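Residue numbers (my numbering): 812 to 1265. In what follows, a structure is listed as structure tokens, so that the remarks can point back to it.
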């Protein structure tokens, strides 16, 4: 173990046919993580086929702070009175603690509003778990912490952490009080430093303050910087909202086809999720996978999901990384039949923590999606791409892996006729995993994710 003085017991066997007289053994290592205090031992005479055991033959001291499961190489140099020499190599694993801090949750049940979020002018507890994931017990230590942002620590005294055995943990709760007024999109950072002897672990956790919800209860679209469709705008309605008095309904797209889009761009300050409720009433998908009329949700121009048919209110959640992101809800319709209310509703959108919303001009691209579908998904042999073009044009289809590397070009600027088209290709040469198909038509690019299984 780390920071420990140990003795090595040695068994030495003479596998030869002659006696080895006055056998001397010396222990060596090139590692600076161990000190050999006693490196020499005399084993005397060893007869042929005899085994001689020396307990506590060598004394060593392993360093404090050595990493868990560090492998230390050792060499034994052996000689006898006849100047014969032998050597033997072996390795020793060193056990040590591995300290870890894991963020668990926000607890505002007793001193806040019990919504599991940090809200202005409330006191909450941030819960963490301290763990020893190593192969040796830790010594007694301490946990210190600090906070940056619109909050103060109720008590900033360090915690005394008793020694943790292997796989043992200790739960910690740190109480904070949020400022009385906090600007929307603000976050706070809590920094923790756990020290036990020569071992330590430090983490910083960024948490959003408050939830940023759009529920249309203002009866307008001014709460955030929404960019509404200029041709078929979404509109406020009190028609059976998910919660409250109002929700948002997609614009009246005519029978000739088109799309009604609602977009917001946000500067997300910490990785989180975007959540919303949606309801749909339109023509169901053909064969269960070819969508004519549907609601689609996009992140940065990439479709995350689509829905068609008669679908009641349901919540959906999607992970979002830190950085600038564009979120779009689009009700899209072809020029064939209509069914149901021929629209979609959205309500109670929980936006990821962001500092500002950025308004952009919505550049209408009539054929942005062209009803691209992939089937089957996942695939293991062949895969089919279905799409509908409003007019003849050149199509290119390429497949990329998740690292953005082009792995296959299916077609390159092939002239494809107006209407519904299908392109089939083999995926036998692709390894199991996730891929993206990039379909280019005129100035429009659409990507769709699919998987290959074996």
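Don't be surprised by glycine CBs; every beta carbon is placed ideally from N, CA and C. This structure is a prediction, so every number in the text was calculated from the model and none was measured.
Looking at the DSSP output, residue 946 bridges to nothing.
Residue pairing by DSSP places residue 828 opposite no residue, since no beta bridge is assigned to it.
In this structure, the beta-carbon distance from residue 874 to residue 814 falls below 9 Å. Taking a cut-off of 8 Å for Cβ pairs, the segment 897 to 904 and the segment 967 to 979 do not touch, as fewer than three such pairs fall below it. If you look at residue 909, you'll find it isn't in any beta strand (DSSP E); DSSP assigns it neither H nor E. By the Cβ test, the segment 929 to 939 is not in contact with the segment 877 to 894, since fewer than three Cβ pairs between them sit closer than 8 Å.
C-alpha of residue 923 to C-alpha of residue 1089: approximately 30 Å in a straight line. In its chain, beyond the 5 residues on either side, 889 have a beta carbon closer than 7 Å to the beta carbon of residue 897. Looking at the backbone, the Cα of residue 941 and that of residue 974 are separated by about 11 Å. Per DSSP, residue 1052 is not a residue of any beta strand (DSSP E), being assigned neither H nor E. When C-beta atoms of the segment 1041 to 1049 are compared with those of the segment 1114 to 1128, fewer than three pairs fall below 8 Å, so the two segments do not count as touching. With respect to residue 1039, residue 1056 sits apart: the two C-beta atoms are not nearer than 9 Å. In this structure, the CA atom of residue 1026 is about 20 Å from the CA atom of residue 1136.
Taking C-beta atoms as the reference points, residue 927 and residue 912 fail to come closer than 9 Å.
Residue burial is scored here from C-beta neighbours: residue 1128 has fewer than 16 other C-beta atoms within 10 angstroms and is therefore classed as exposed. DSSP, reduced to helix, strand and coil, places residue 1043 outside both helices and strands of the structure shown, so it counts as coil.
When C-beta atoms of the segment 951 to 965 are compared with those of the segment 1002 to 1012, three or more pairs fall below 8 Å, so the two segments count as touching. Out of 855, 828, 1138 and 848, the CA that lies nearest to the CA of residue 836 is found in 855. Under the criterion of beta carbons closer than 8 Å, residue 818 and residue 869 qualify as touching, at roughly 7 Å.
Beta-bridge analysis with DSSP links residue 1024 to 1161. Taking residue 882 as the centre and dropping the five residues before and after it, the same chain places the C-beta of 902 and 904 closer than 7 Å to its C-beta, in chain order. A residue is called buried once 16 or more other Cβ atoms fall within 10 Å of its Cβ, and residue 1060 is buried on that count. Residue 1002 is bridged by DSSP to 957 and 1015. Exclusion of the five residues before and after residue 1265 leaves 1191 and 1243 as the residues of its chain whose Cβ lies within less than 7 Å of its Cβ. With contacts defined as CB atoms closer than 9 Å, residue 863 and residue 823 qualify as a contacting pair. Contact between residue 1064 and residue 1155 does not hold, since their C-beta atoms are separated by about 10 Å, which reaches or exceeds 8 Å.
With contacts defined by Cβ atoms closer than 9 Å, residue 1223 and residue 1200 do not form a contacting pair. Taking the CA atoms as reference points, residue 990 sits about 36 Å from residue 979. By the Cβ-count criterion, residue 1032 is buried, with 16 or more other Cβ atoms from all chains shown falling within 10 Å of its own Cβ.
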